[in-house]
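Below is one structure, written out as structure tokens, with a few remarks after it.
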Amino acid sequence: MNILVTGANGQLGKCLRKIAGNYDALHFKFMDSKALDITNTRSINEAFEFEQFDYCINCAAYTNVEQAEKTPEIAFAVNADGVKNIAVACKKNNVALVHISTDYVFDGEKEGGYLTTDLPKPINQYGKSKLTGENSIREILDKYYIIRTSWLYSEYGNNFYKTILNKAKTESVLYITDEQIGCPTNANNLAKYILNLIASSCTEYGIYHFTDGKAMTWYDFAKGILRETNLDKKVRVEKAKNYRTFAARPRNSVLSP
Ligand SMILES: NC(=O)c1ccc[n+]([C@@H]2O[C@H](COP(=O)([O-])OP(=O)(O)OC[C@H]3O[C@@H](n4cnc5c(N)ncnc54)[C@H](OP(=O)(O)O)[C@@H]3O)[C@@H](O)[C@H]2O)c1
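Per the working numbering, residue 1 is the first one in the sequence shown, and the count goes up by one each step.
What follows is the structure, given as structure tokens:
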């Protein structure tokens, strides 16, 4: 099976690249934002016409939640319009789309985990742009998997796990918020889940929730990271008081399968 991976130099793209060789039956074309800009329809048409793909895994996204609040037009250009461009190309070329979405499509007011059938109601621009992308896919395509995930971390890119380890090098006390609860998810596990889904030739299209399954606060997560790396003897975690961000964040963004 021929698979196009867009946004291939991001965190998830790199995790997919790392394990791609384990799947003999899958052949990959990895395209980063320079090789394929999903906001550029001409470039998309060229990529899809040059080769017949069976699947497209869209890892391309604008993921800076804080900046998206200040310049929403950039977030919407990629996460809404860019995703629509990809969906149109998939439809035209009979390609199944695997698209990654987010826990931030929910408002966080539910008690308990969000189900795939729960009504999204994003409270920040990033979440709104991602939901618009999801809706375009659902309107345009029949063959799609929208996989919502949360709190991604790995050895690649910028993420909370790496931030904590970096801070621990210079600080003896870290002040971390306990005001939000979610499920940290190793992007390597998500990559495996996606490729197993494709390798299984599953035709149950629709929305999926994938996380590593354990709900916790950022405070708990930070403590866990320090414990796991034996830095907890040296570095202490305290609950941050008056923690404020520019973008509103859902209080509870736990995703249930
Ligand atoms: N990170 C999280 O905590 C998290 C949580 C829930 C859901 N998700 C979703 O999971 C997916 C993967 O996230 P990630 O952590 O791997 O994100 P990431 O590391 O920020 O990677 C996103 C990639 O998309 C590329 N990109 C941006 N604009 C593009 C464009 N116009 N055309 C093509 N590529 C473009 C970026 O390239 P440049 O670097 O060159 O701009 C980057 O390599 C995203 O859909 C995200 O919304 C992430």
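From the three backbone atoms N, C-alpha and C, an ideal C-beta is built for every residue, glycine too. Computed from a predicted model, the values in this text were never measured in an experiment.
Residues of its chain near residue i, where Cβ-Cβ distance is below 6 Å and the 5 sequence neighbours each way are ignored
| i | result |
| --- | --- |
| Leu226 | Asp232 and Val235 |
| Ile147 | Ile100, Tyr208 and Phe210 |
| Ala89 | Ile44 and Phe48 |
| Ile123 | Asp107 and Ala248 |
| Lys84 | Ser136 |
| Lys167 | Leu174 |
Residues near residue i by beta carbon distance below 7 Å, same chain, minus five either side
| i | result |
| --- | --- |
| Gly82 | Ile38, Thr39 and Ala60 |
| Thr229 | Leu165 |
| Cys183 | Ser150, Trp151, Thr211, Asp212, Gly213, Lys214, Ala215, Val254 and Leu255 |
| Asn189 | Asp212 |
| Lys91 | Ile140 and Leu141 |
Residue i to residue j span [Cα, whole Å]
| i | j | result |
| --- | --- | --- |
| Lys143 | Thr170 | 48 Å |
| Ile198 | Asp24 | 12 Å |
| Thr41 | Ser136 | 15 Å |
| Lys192 | Thr185 | 12 Å |
| Thr63 | Val78 | 10 Å |
| Ile74 | Thr116 | 27 Å |
| Ser129 | Phe76 | 5 Å |
| Ala215 | Asn94 | 38 Å |
| Glu139 | Ala87 | 9 Å |
| Lys162 | Ala8 | 20 Å |
| Val5 | Leu36 | 10 Å |
| Thr102 | Thr203 | 22 Å |
| Gln125 | Leu141 | 24 Å |
For residue i, the residue or residues it bridges with in DSSP
| i | result |
| --- | --- |
| Thr217 | Ile181 |
| Thr116 | In the DSSP output, where bridge partners are listed per residue, Thr116 has none listed. |
| Met31 | Thr6 |
| Ile100 | Ile147 |
| Leu152 | Thr185 |
| Gly206 | Tyr145 |
| Lys239 | Ile176 |
Contact belief for residue i with residue j at Cβ below 8 Å, rounded distance in angstroms
| i | j | result |
| --- | --- | --- |
| Gly127 | Ser256 | Actually they do not touch by this definition, with Cβ atoms about 18 Å apart. |
| Ile194 | Val98 | 6 Å |
| Ala68 | Ala222 | Actually they are not in contact, since the Cβ atoms of Ala68 and Ala222 sit about 24 Å apart, beyond 8 Å. |
| Glu134 | Thr245 | With 8 Å as the limit, Glu134 and Thr245 do not qualify as a contact, their Cβ atoms being about 23 Å apart. |
Same chain, Cβ closer than 8 Å to residue i, five either side skipped, listed in chain order
| i | result |
| --- | --- |
| Lys239 | Tyr175, Ile176, Thr177, Asp178 and Tyr219 |
| Arg251 | Gly108, Glu109, Glu179, Gln180 and Ile181 |
Three-pair Cβ contact test at 8 Å for the segment 12-19 versus the segment 154-170 = yes
Give a yes or no on contact between the segment 105-113 and the segment 40-56, applying the rule of three or more CB pairs nearer than 8 Å.
-> no
Three-pair Cβ contact test at 8 Å for the segment 27-38 versus the segment 175-188 = no
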